[in-house]
Structure formats: C-alpha cells, structure tokens
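See structure below.
Written out as structure tokens, the structure reads:
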C-alpha cells in the first residue's frame with residue numbers, strides 16, 4: 010500500500026477540465042443560475058433519488074465522483090439525507106410505486122431547493138411512455154428547474170449541467186477548477 | 055431426469071432455442087418433486103395468457119428445457135411448496151396475470167403495491183386498480199428484538215427498495231426485502247411492439263446489463279425466426295459482453311471495499327472502470343454500449359482504432375489491476391471485514407440455482423458461457439471462476455478472477471476476429487406464432503429471455519428474467535447472524551438489480 014500511496018503522490022491527478030458546452034440540458038429559467046449562486050455561493054448539496062430508472066443514469070452519476078470528474082472540487086457533493094440537500098436530482102420515469110417516496114423526499118428538503126430531472130426518462134418518460142405503472146416526466150410530480158437529457162447523459166454532460174447552475178457571473182467552468 | 059419427466063409428451067414445434075414441452079398438472083407436480091430433490095434447477099417461471107411456463111436445467115446432463123401448463127381455468131398448482139425459490143416468481147405472475155397458484159404459501163402481492171390504475175395488467179381482462187391492505191412483514195418476535203426499516207430511498211446513489219431488518223442489538227435476526235418500487239410495466243409495454251422497438255426496451259431493463267439484455271433478446275428473436283447473425287457480429291457481441299463484465303466487476307470490487315471503509319480501492323477501481331467505459335465509447339460509440347446489439351447482428355462495426363482502444367485498455371489493466379489485487383490481499387483491516395462475512399452455504403446456492411458470481415463463490419459451478427454454450431464461447435471457451443467459501447471475500451475473488459479471464463479472452467478474441475458483415479437483416483416473416491428462448495451470462499449471472507412473435511412479427515409475449523430474482527432471497531439468508539453494519543458490504547457483494555427484478 011505504501012508503494013501505491015507514494016506513486017500517487019508523485020503522479021499528476023487524472024482530473025480533467027470541463028468544457029463549457031451547454032448542449033443537452035434546458036433550464037426552466039435563465040435567472041436560476043444567478044439565484045442559486047447568490048444563495049449558496051459555490052456549495053451545492055445534492056440528494057439523488059432513483060424514481061424507477063434502469064440504473065444507467067445512476068452509473069453515470071456515480072462516475073461524477075471518480076478521479077476524472079471529481080465533482081467535489083467544484084463544491085458539489087452528494088448527501089445522504091434530504092434534510093441536508095439543496096438540490097434533488099431525480100432519474101427515471103417516476104413509477105407509481107415510487108411516487109410517494111419521491112414526494113416525501115422533496116417535502117423533507119428545506120427551502121430554498123431545486124429539482125433537476127436527469128435522463129430521457131426523467132425528462133419525458135423515455136421508452137416507458139404510456140405504461141400503466143409510470144407517472145411520466147419528473148415535472149408531472151415536482152417543479153423541475155433543470156433538465157439534463159441523455160440515455161444516459163455522460164458524466165461530462167451531467168457536470169456541465171450542474172456547473173451551469175453555479176456559474177453566477179458567466180465565468181468559464183474551466184476557470185473554476 | 056428431464057427425459058423421464060417428459061417421456062409422455064412431445065415438445066412444441068414452434069419453440070426454438072431449447073425444447074418447450076406442454077405438460078399436464080401431474081407432470082407439473084412431478085417437476086416440483088424433482089426440484090425438491092435437487093435433481094433440477096429452476097431457472098425461471100412466468101405467466102402467459104392462459105398458461106404458465108417454467109425453465110428447467112439439469113446439472114447432471116447440462117440439458118435445458120421449458121415446461122408449459124394450461125392455465126385457462128385461472129388456477130395452477132404452485133411449485134413453491136416443493137421449491138421455495140418459486141415463491142416470488144409465482145407471486146409476480148399472480149400480480150400480473152391474476153393467476154391463482156393453489157397451495158402457494160405466501161399470498162401477499164409482490165410487484166403490485168396497490169398503486170396502479172389496473173389490477174392484473176397483463177391478463178386478458180384486467181380489473182381497475184384496488185387499494186391493497188398494508189403489506190404484512192413476516193414476524194420475528196422475542197425479547198429485545200427491534201425493527202429497522204430502510205428505504206425505498208437509500209442513503210447512497212442506488213436503486214430503490216425496502217429492507218426490513220429485525221435485529222437483536224447489532225445482530226440481524228431476520229431481513230425481509232420488499233421490492234417492486236421500480237416496476238415500469240415493461241412486460242406489457244413489450245406486447246404488440248415491433249422487434250426494433252422491443253429491442254430498445256429490452257436494453258433498458260437493467261442499465262448496468264444493457265449488453266446482456268440486448269444480447270438475450272436478440273438471440274431469442276433469432277432463435278424464433280431461425281436466423282443466424284454473421285460470424286463477426288457474434289464475436290463483437292461477446293467483446294461487448296466481456297467489456298461490460300470488466301467494467302461492472304471493477305466497479306463492484308471498488309464499491310465493496312468502499313463499504314468496508316477502504317476508499318482508496320474504490321478510487322483506484324473507479325479510475326480503471328472509467329478507462330474501461332471510455333474504451334467502450336471510442337470502440338462502439340456509447341459508454342454503456344446501449345442499443346448496439348440488435349436482432350440480426352450488431353449496429354456498429356469495430357474499426358481498427360476501436361481494436362487499438364480496447365487493446366490499450368487491456369494493457370493498462372494488466373499493468374495496474376494486479377497491484378490492486380495485491381493491495382486487497384495484503385490489507386488485513388479489509389480482509390477482517392470481508393472474510394467470513396455474509397456466507398451463502400453451498401446447499402442454498404444449489405437450491406436457488408444461484409446465478410453468476412454468488413453461485414460460483416459458493417461452489418456452484420455454473421456459467422452459461424460454459425454450461426449452455428453459445429457462439430463464440432462454444433469454440434473459444436473461458437475458464438470458469440470458482441470458490442467455495444461463499445463469503446464476501448469469495449465473491450470478491452470470483453470477480454477478480456473473472457476480470458483477469460475476460461482480459462485474456464478479449465486479447466485472444468481481438469487477435470482472431472473474423473472479417474465480414476456485422477448485420478444481416480432478419481427477413482423471415484412467420485405465418486403463425488413462433489417462439490424463441492435464450493440464456494446469456496451477464497456480469498451478475500445468467501439472463502433468461504423468452505420471446506413469442508405473432509403475425510407481422512409483433513411481440514406477443516416477451517419475458518426477460520434477471521438473475522436477481524434468484525439472488526435477492528439469498529441475500530436475506532446471507533445477512534442472518536451478521537451485524538447490521540455489515541449489510542452494505544453483503545449487499546454490495548451481491549449487487550442485485552432492482553430494475554431488472556421489478557421490470
């Protein structure tokens with residue numbers, strides 16, 4: 010283990026800069042990003058809820074925490090309790106069996122709070138449209154502030170969406186690294 | 055055993071992949087006896103319009119066969135009194151089709167939480183949804199016992215499900231799972247779909263196994279229509295399947311260590327996993343390789359640059375992974391958590407036909423790539439990984455071995471990839487219903503697929519059985535007598551799918 014730790018000390022990190030592309034996500038309101046940045050500075054606590062996803066989005070959300078994307082360097086972190094969260098990140102076509110749990114998680118979050126719908130399912134039910142078991146887009150259940158599409162969105166796309174929220178003054182995301 | 059059971063019946067000619075034998079209730083019960091005696095493994099059981107079907111595997115002869123039973127009366131004898139693993143499968147079939155399994159000891163609904171607008175959504179005449187009585191968890195009573203309810207929303211970024219622990223102090227006396235939260239109604243969505251639309255749905259049953267699901271669906275359709283994809287496509291499919299296995303196993307090895315508070319391993323494995331996904335993206339155009347395996351072949355050919363990307367990956371893994379294995383092996387504090395924790399006995403693994411890593415860590419020498427081989431594994435076999443201790447440590451080691459085997463297999467495969475087309479448009483148009491079935495070894499275990507196509511090649515019925523159906527009950531057994539704090543460790547070492555199970 011010592012050898013490994015030493016090696017990691019002398020090798021550069023694999024963390025990468027993030028491009029500023031804004032394709033692939035759409036916000037309910039442009040003033041959103043200013044609002045969040047004013048309220049929270051550069052600290053964003055996210056509670057993730059899988060509302061019936063196939064787990065593909067979760068895999069890529071997980072990847073945000075690996076050494077390449079290292080989301081914590083931007084002040085973004087995933088929290089265990091909705092009580093600690095600013096943002097609810099929701100995936101899946103909101104199944105009827107998960108609807109109540111999703112609503113309760115949202116209700117447990119203190120204001121100010123925002124909702125991000127992730128993936129084609131969260132955005133508009135995806136391939137599960139017209140199922141007896143799904144409500145549909147997250148926006149049918151909660152007020153959605155930002156939508157990040159993709160099946161699943163790549164970690165780079167997810168990161169761009171999250172950083173857009175925090176960019177109060179339009180500074181390039183790469184500058185924030 | 056299978057031969058003797060089906061001596062008086064002849065297989066249905068419309069079913070391909072392996073035989074499906076229509077049987078009567080007496081033979082159905084005889085199947086139950088054979089399962090109880092451990093002579094057969096139950097791989098799956100599902101409902102259909104006016105019928106039930108089960109898939110049986112005979113370990114002694116490596117034969118596989120389906121049996122179907124007429125259920126137009128709405129009643130069928132339950133296999134659960136003979137064979138406990140049938141219980142949840144029958145409860146699900148009962149929820150979806152309204153079938154009554156006579157003798158089924160556990161009559162609680164499973165997937166239906168009383169929130170759908172319909173009851174029995176796949177039955178010929180479904181009823182309006184009803185509010186169900188609160189779910190009764192099984193009792194565990196005694197002095198100082200207390201319950202810990204967990205979920206469906208968990209602390210981490212994982213899928214939803216409910217766990218009800220009964221604990222005596224720190225020790226888990228009983229765990230009961232309550233699943234079905236991610237039920238998306240996939241089986242009804244599949245009905246009436248074109249083959250292409252159904253393939254997209256199949257790819258999204260469980261996102262981490264999208265390659266395995268696309269493959270099992272494609273193979274079942276191809277079996278039904280009697281088509282055979284070109285050789286290069288068969289090899290590319292297996293290349294994708296092994297890449298998916300490596301990526302997921304890397305993630306799991308890291309996550310298991312993370313749940314033992316050894317986050318360094320998680321970080322290191324996370325780097326290798328990311329490199330794997332990036333190699334997949336540059337070779338096939340999608341990090342998880344979604345929608346790339348289609349009936350008839352594959353949707354994208356592998357260019358020389360893609361081959362180079364995969365070979366660069368295997369070289370990187372060869373350089374770095376052994377160091378991590380050594381780290382796992384030589385860290386006493388980590389071994390202290392994994393060795394002897396969450397044991398699944400060999401007897402239980404055999405009874406539940408425990409798929410994949412969990413079975414192979416408990417001495418069940420089954421791997422669909424070897425035991426029910428399909429191309430290209432029939433001519434290019436892989437070594438089977440095997441341990442018998444059945445604890446978290448054994449499951450880590452099976453994953454480590456499988457990563458190593460897959461790396462070697464990929465390198466050999468890429469060196470001898472056949473040339474030629476990668477897709478053959480399936481033209482066969484059936485004049486009556488045709489059926490196909492297939493078994494594919496995913497990273498978690500074997501995925502079972504059954505497809506029935508009707509006139510116009512529309513899906514009449516498609517059932518995709520995730521290995522998690524047979525793994526979830528074993529997790530309840532594995533945690534018994536362990537401490538609550540070891541549950542994440544045990545759970546991660548199984549890494550069952552919620553979405554694949556809930557469908």
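Residue numbers (our numbering), protein chains in the order written: chain U, 10 to 186; chain D, 55 to 557. The C-beta atom is built at its ideal place from N, Cα and C for all residues, glycine as well.
Span separating the alpha-carbon of residue i from that of residue j
i	j	result
residue 322/D	residue 364/D	19 Å
residue 349/D	residue 122/U	45 Å
residue 578/D	residue 100/D	Outside the displayed span of chain D (55 to 557) sits residue 578/D, for which this structure offers no information.
residue 471/D	residue 359/D	14 Å
residue 54/D	residue 481/D	Outside the displayed range of chain D (55 to 557) lies residue 54/D, so it cannot be described from this structure.
residue 172/U	residue 257/D	30 Å
residue 183/U	residue 61/U	Note on residue 183/U: pLDDT 35, under 50, position unreliable in the model; no value is reported.
residue 136/U	residue 81/U	32 Å
residue 218/D	residue 479/D	49 Å
residue 290/D	residue 432/D	15 Å
residue 94/U	residue 207/D	14 Å
residue 373/D	residue 45/U	44 Å
residue 139/U	residue 240/D	10 Å
residue 154/U	residue 53/U	15 Å
residue 509/D	residue 245/D	13 Å
residue 392/D	residue 150/D	39 Å
residue 168/D	residue 230/D	19 Å
residue 356/D	residue 338/D	7 Å
Residue-chain proximity (residue i, chain U), Cβ-Cβ < 9 Å
i	result
residue 276/D	no
residue 381/D	yes
residue 189/D	no
residue 520/D	no
residue 203/D	no
residue 290/D	no
residue 504/D	no
residue 206/D	yes
residue 327/D	yes
residue 556/D	yes
Contact set for residue i: own chain, Cβ-Cβ below 6 Å, skip 5 residues either direction
i	result
residue 125/D	104, 105, 106, 153
residue 409/D	499, 500, 521, 524
residue 368/D	461, 464, 465
residue 551/D	260, 520, 522
residue 442/D	417
CB of residue i within 9 Å of CB of residue j, strictly
i	j	result
residue 279/D	residue 507/D	yes
residue 424/D	residue 459/D	no
residue 225/D	residue 535/D	yes
residue 497/D	residue 303/D	yes
residue 264/D	residue 104/U	no
residue 387/D	residue 316/D	yes
residue 342/D	residue 375/D	no
residue 165/D	residue 145/D	yes
residue 113/D	residue 420/D	yes
residue 132/U	residue 108/U	no
residue 190/U	residue 112/U	This structure cannot speak to residue 190/U, because chain U is shown only from 10 to 186.
Chain A within 9 Å of residue i, Cβ atoms only
i	result
residue 15/U	Given the protein chain composition of this structure (U and D), no chain A is represented.
Any C-beta of chain D under 9 Å from that of residue i
i	result
residue 141/U	yes
residue 87/U	yes
residue 95/U	no
residue 136/U	yes
residue 72/U	yes
residue 163/U	yes
residue 58/U	yes
residue 91/U	yes
residue 8/U	Missing from the structure shown is residue 8/U; chain U here goes from 10 to 186 and no further.
residue 152/U	no
Contacts around residue i, its chain only, beta-carbon distance under 8 Å, and the 5 residues preceding and following it disregarded
i	result
residue 198/D	222, 223
residue 539/D	224
residue 288/D	429, 430
residue 74/D	65, 66, 107, 119, 120, 121, 122, 489, 491
residue 259/D	240, 267, 518, 520, 553, 554, 557
Sequence-distant residues of the same chain with beta carbon closer than 7 Å to residue i, five excluded per side
i	result
residue 73/U	80, 164, 167, 168
residue 452/D	411, 414, 415, 439, 441
Legend entry - Proximal residues, the segment 107-126 of chain U versus chain D, C-beta separation under 9 Å: 107, 108, 109, 110, 111, 113, 114
Inset, instruction - Check distances from the C-beta atoms of the segment 342-360 of chain D to those of chain U and list, in chain order, the residues that come in under 8 Å. - result: 342, 344
Inset, instruction - Give, in chain order, every residue of the segment 253-266 of chain D whose Cβ lies closer than 8 Å to some Cβ of chain U. - result: 254, 255, 258, 259, 260, 261, 262, 264
Inset, instruction - Check distances from the C-beta atoms of the segment 229-255 of chain D to those of chain U and list, in chain order, the residues that come in under 7 Å. - result: 234, 235, 236, 237, 238, 239, 242, 243, 254, 255
Legend entry - chain U contacts from the segment 385-396 of chain D (Cβ-Cβ distance under 8 Å): 385
Inset, instruction - Using a Cβ-Cβ cut-off of less than 7 Å, list which residues of the segment 152-179 of chain D approach chain U; keep chain order. - result: 167, 169, 170, 171, 172, 175
Inset, instruction - Anything in the segment 444-477 of chain D with a Cβ closer than 8 Å to a Cβ of chain U? List those residues in chain order, please. - result: none
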